[in-house]
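Heads up, the sequence shown is in numbering that gives the first Met the number 0, so the first residue is 0 and it goes up one at a time.
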Amino acid sequence: MQELLYAAVMAFAIAIIAGPLIIPMLRRLKFGQSIRQEGPERHYAKAGTPTMGGVLILVALVIPSLVFAGKNPEVLLALFVTLGHGLIGFLDDFIKVVLKRSLGLKARQKLLGQIIMAVALSYIASIYFGRGTDLWIPVLGINVDFGALYYLMIFLVLVGTTNAVNLTDGLDGLAAGTTTVAALAYAVIALYFGKPHLAVFCVALAGACLGFLRYNAHPAKVFMGDTGSLALGGALAAVAVMTKTEFLLVIVGGVFVIEALSVIIQVISFKSTGKRVFKMSPIHHHFELSGWSETKVVTVFWLTGAVFAAVALSVLAVSRAGGM
Numbered sequence: 000m001q002e003l004l005y006a007a008v009m010a011f012a013i014a015i016i017a018g019p020l021i022i023p024m025l026r027r028l029k030f031g032q033s034i035r036q037e038g039p040e041r042h043y044a045k046a047g048t049p050t051m052g053g054v055l056i057l058v059a060l061v062i063p064s065l066v067f068a069g070k071n072p073e074v075l076l077a078l079f080v081t082l083g084h085g086l087i088g089f090l091d092d093f094i095k096v097v098l099k100r101s102l103g104l105k106a107r108q109k110l111l112g113q114i115i116m117a118v119a120l121s122y123i124a125s126i127y128f129g130r131g132t133d134l135w136i137p138v139l140g141i142n143v144d145f146g147a148l149y150y151l152m153i154f155l156v157l158v159g160t161t162n163a164v165n166l167t168d169g170l171d172g173l174a175a176g177t178t179t180v181a182a183l184a185y186a187v188i189a190l191y192f193g194k195p196h197l198a199v200f201c202v203a204l205a206g207a208c209l210g211f212l213r214y215n216a217h218p219a220k221v222f223m224g225d226t227g228s229l230a231l232g233g234a235l236a237a238v239a240v241m242t243k244t245e246f247l248l249v250i251v252g253g254v255f256v257i258e259a260l261s262v263i264i265q266v267i268s269f270k271s272t273g274k275r276v277f278k279m280s281p282i283h284h285h286f287e288l289s290g291w292s293e294t295k296v297v298t299v300f301w302l303t304g305a306v307f308a309a310v311a312l313s314v315l316a317v318s319r320a321g322g323m
């Protein structure tokens, strides 16, 4: 489809062109990133780098999605979930960076916003789109009806994905690059299930992230902040729900899963034994403190993400062949 190429190129071009306009604006508004004092010392030099650059990704994603697939209700729902999480992230960033309240939004406020997104996504997908309350099980190639538990599952998918991408956003270009790979994988998955409009949304997401990398790759001129990371997680989760591949998302987003698990393991270990499994979590910081350069960590994680994406597509093919 030509629309796929056009959407990807437009998203990339918008991000490239808008960067020199948005980044100086963020700098003038003093939307500067603060750096964790307990983090790697080399990160201290990044203090003051403009954050909330996720706005750039969202602008580059929304325009081509609307131009080439804006009449499709599934794309509109995906945009709603993405922008909704982007708004939650923006408020969190604004409170932390501009109002100088280090904790940002309270946990219950974030949770309320994510509940609203989950309810909207699960209800509209299951009722309006006739998706039902079943979840597809990879490898087995079967659908299992979860009934009322379906809505809890969708909430967990949204919260888990958004927070996992947020944790991954700790090095220059890491979250944007891994999301690019995951989005391209989901473009293939969407086409596989006969949803070309969602594929357009996915390639636009990939193009927006690639364009953002022009300014976010090491040394970063701008960070995406929670504005970007929560939105990216919401976008991937929304597409997974509408293609009935929630469990496959665990493989596609394998890097995000590993990042989240490293934090969980670290917390459990420290609270139960007083010892740390990793030098620092999320795990990308462990490799940094082990002597890897930032660019090496990012490159290895990108390649790992590509491997996970390839495995996910292979699992999809095997599952379909098995009778899905």
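Even for Gly, the Cβ is constructed at its ideal location relative to N, Cα and C.
Worksheet item: What does DSSP give as the partner residues of LEU134 in its beta bridges?
Response: VAL143
Worksheet item: Under a three-way DSSP split, which group does PRO281 fall into?
Response: coil
Worksheet item: Under a Cβ-count criterion, where at least 16 other Cβ atoms within 10 Å of its own Cβ denotes burial, should ASN142 be classed as buried or exposed?
Response: It is exposed - the Cβ of ASN142 has fewer than 16 other Cβ atoms within 10 Å.
Discussion item. Within 10 Å of its beta-carbon, does LYS95 have 16 or more other beta-carbons around it, so buried, or fewer, so exposed?
Written reply: Residue burial annotation: LYS95 is buried, with at least 16 other C-beta atoms found within 10 angstroms of its C-beta.
Worksheet item: With 16 other CB atoms within 10 Å as the buried threshold, where does ASP144 fall?
Response: exposed
Discussion item. For VAL138 and TYR185, I'd like the C-alpha separation in whole angstroms.
Written reply: 17 Å
Worksheet item: So does the stretch 254 to 266 actually touch the stretch 102 to 121, counting three or more Cβ pairs closer than 8 Å?
Response: no
Practice prompt. Please go through the same chain and pick out, in chain order, the residues whose beta-carbon is closer than 8 Å to the beta-carbon of ASP133, but skip the five residues on each side of it.
Written response: ASN142, VAL143, ASP144, PHE145, TYR149 and LYS243
Worksheet item: Got a sec, what are the start and stop residues for the alpha helix (DSSP H) GLY253 sits in?
Response: 253 to 272
Fill in: Three-state secondary structure assigned by DSSP to SER289
DSSP places SER289 in coil when its eight states are reduced to three.
Practice prompt. Could you tell me the distance, in whole angstroms, from the CA atom of PRO195 to the CA atom of LEU235?
Written response: 16 Å
Practice prompt. Take VAL158 and list the residues in its own chain whose beta-carbon comes closer than 6 Å to its own, dropping the five residues that flank it on each side.
Written response: GLN113
Worksheet item: Where does ILE13 land, buried or exposed, given buried means 16+ other C-beta within 10 angstroms?
Response: buried
Worksheet item: Does the beta-carbon distance from GLY172 to LEU212 come in below 7 Å?
Response: Their beta carbons are under 7 Å apart, which means GLY172 touches LEU212 by this criterion.
Worksheet item: Is the Cβ-Cβ distance between THR50 and GLY233 less than 7 Å?
Response: For THR50 and GLY233, no; Cβs fall outside 7 Å.
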